[in-house]
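Numbering-wise, the sequence shown is residues 1 to 214 according to UniProt numbering.
Every residue gets a Cβ at the ideal spot worked out from N, C-alpha and C, and that includes glycine.
Values in this document were obtained by computation on a predicted structure and should not be read as measured data.
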Amino acid sequence: MPDLKLYYSPNLNPRVAVAVARHLDSPVAYIAASPMHPDHRRAFKAINPNTLVPVLVENGKSLWETDAIACRLSQIAGSDFWPTDERMSEVQMWVSWSNLHLTRPAGTFYFERLIRPQFSDVPEDPKVMKNDMVAFRNSAGILDGLLADREWLVADRLSYADFRTATCLPFAEGAGLPLHDFPNVARWHDQLLAIDAWRDPFAGIAETSMERRA
1 MPDLKLYYSP NLNPRVAVAV ARHLDSPVAY IAASPMHPDH RRAFKAINPN
51 TLVPVLVENG KSLWETDAIA CRLSQIAGSD FWPTDERMSE VQMWVSWSNL
101 HLTRPAGTFY FERLIRPQFS DVPEDPKVMK NDMVAFRNSA GILDGLLADR
151 EWLVADRLSY ADFRTATCLP FAEGAGLPLH DFPNVARWHD QLLAIDAWRD
201 PFAGIAETSM ERRA
């Protein structure tokens, strides 16, 4: 059994990584981390020189980036959540597409409406918000059309493509994303919310903090 530690925070990408680990029942130790904190940054650079989470440390070797972590956890679990057959390229297609076209504009609303107000009173840039709403609506419309005749994104089976494409959607209401305008997307995400690991990936985690490990 490998020695696995998953360093995470509550933010978008770490949330996806934790959701994958919970869904796959991965044998990881969950370690809450604040890598940019002045007291932690130097030590965390030894784990990830980017000083970002998530990071999966397996037998002392670090693997960073959410998608790589999801792939590795699926390998360890012997799961087709990240398939290795002909579906693999389609999963990768959705991973790439969502990161570039859906999560990017949605992430602007997540950051400006939910994250920035926690530390800054700088107002939103109306031009940026308008442009990114147009981009979000365009991509959500594409996704809505493709979901009209399918339950899940790839081969009508739950896969990492679904988790990754939905990265920002748990925060749609608070971020002001008009999910209700895209009924097939809303229905699909309701299916995801019925999965405990996606709805609340942090529930009941027996976590260790970096402070307690120090």
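If you follow the beta strand (DSSP E) that residue i is in, where does it begin and where does it stop?
{"i": "E58", "result": "55 to 58"}
{"i": "W64", "result": "61 to 64"}
{"i": "L169", "result": "Here L169 belongs to no beta strand (DSSP E), and DSSP marks it neither H nor E."}
{"i": "L4", "result": "4 to 8"}
Rounded to a whole number of angstroms, what is the C-alpha to C-alpha distance between residue i and residue j?
{"i": "F136", "j": "I31", "result": "33 Å"}
{"i": "A161", "j": "Q118", "result": "30 Å"}
{"i": "G204", "j": "D196", "result": "11 Å"}
{"i": "S159", "j": "A140", "result": "19 Å"}
{"i": "P201", "j": "P123", "result": "31 Å"}
{"i": "S79", "j": "P27", "result": "14 Å"}
{"i": "M36", "j": "F81", "result": "31 Å"}
{"i": "A214", "j": "D190", "result": "For A214, the predicted model reports a pLDDT of 39, less than 50, meaning its position is unreliable; a value from the coordinates is still stated below. Using only the alpha carbons, I get a separation of about 40 Å."}
{"i": "V18", "j": "V91", "result": "19 Å"}
{"i": "D3", "j": "W64", "result": "16 Å"}
{"i": "P126", "j": "W188", "result": "30 Å"}
{"i": "R87", "j": "A155", "result": "8 Å"}
{"i": "D149", "j": "N184", "result": "9 Å"}
{"i": "A172", "j": "V57", "result": "31 Å"}
{"i": "residue 238", "j": "A33", "result": "There is simply no residue 238 to check, as the chain begins at 1 and stops at 214 in what is shown."}
{"i": "K45", "j": "D121", "result": "30 Å"}
Which stretch, first to last residue, makes up the alpha helix (DSSP H) that contains residue i?
{"i": "K161", "result": "Note that residue 161 is Ala in the sequence shown, not Lys. Here the alpha helix (DSSP H) through A161 covers 160 to 165."}
{"i": "R187", "result": "183 to 193"}
{"i": "W82", "result": "Note, W82: premise wrong, no alpha helix (DSSP H); not H, not E."}
With H, G and I counted as helix, E and B as strand and the rest as coil, what does DSSP make of residue i?
{"i": "V28", "result": "strand"}
{"i": "R15", "result": "helix"}
{"i": "L114", "result": "helix"}
{"i": "R72", "result": "helix"}
{"i": "V122", "result": "coil"}
{"i": "R87", "result": "coil"}
{"i": "R42", "result": "helix"}
{"i": "R150", "result": "coil"}
{"i": "E211", "result": "Bear in mind that the predicted position of E211 carries a pLDDT of just 49, short of 50, making it too unreliable to give a figure here."}
{"i": "P201", "result": "coil"}
Please classify residue i: is it buried, with 16 or more other beta-carbons within 10 angstroms of its beta-carbon, or exposed?
{"i": "R22", "result": "buried"}
{"i": "F106", "result": "The displayed chain sequence assigns Ala, not Phe, to residue 106. Under this definition A106 is a buried residue."}
{"i": "T84", "result": "exposed"}
Hey, does residue i have any beta-carbon neighbour from chain D nearer than 7 Å?
{"i": "A172", "result": "Absent from the structure: chain D. Only one protein chain is present."}
Would the beta-carbon of residue i fall within 7 Å of that of residue j?
{"i": "P54", "j": "I69", "result": "yes"}
{"i": "T167", "j": "D132", "result": "no"}
{"i": "T51", "j": "S98", "result": "no"}
{"i": "L153", "j": "W94", "result": "yes"}
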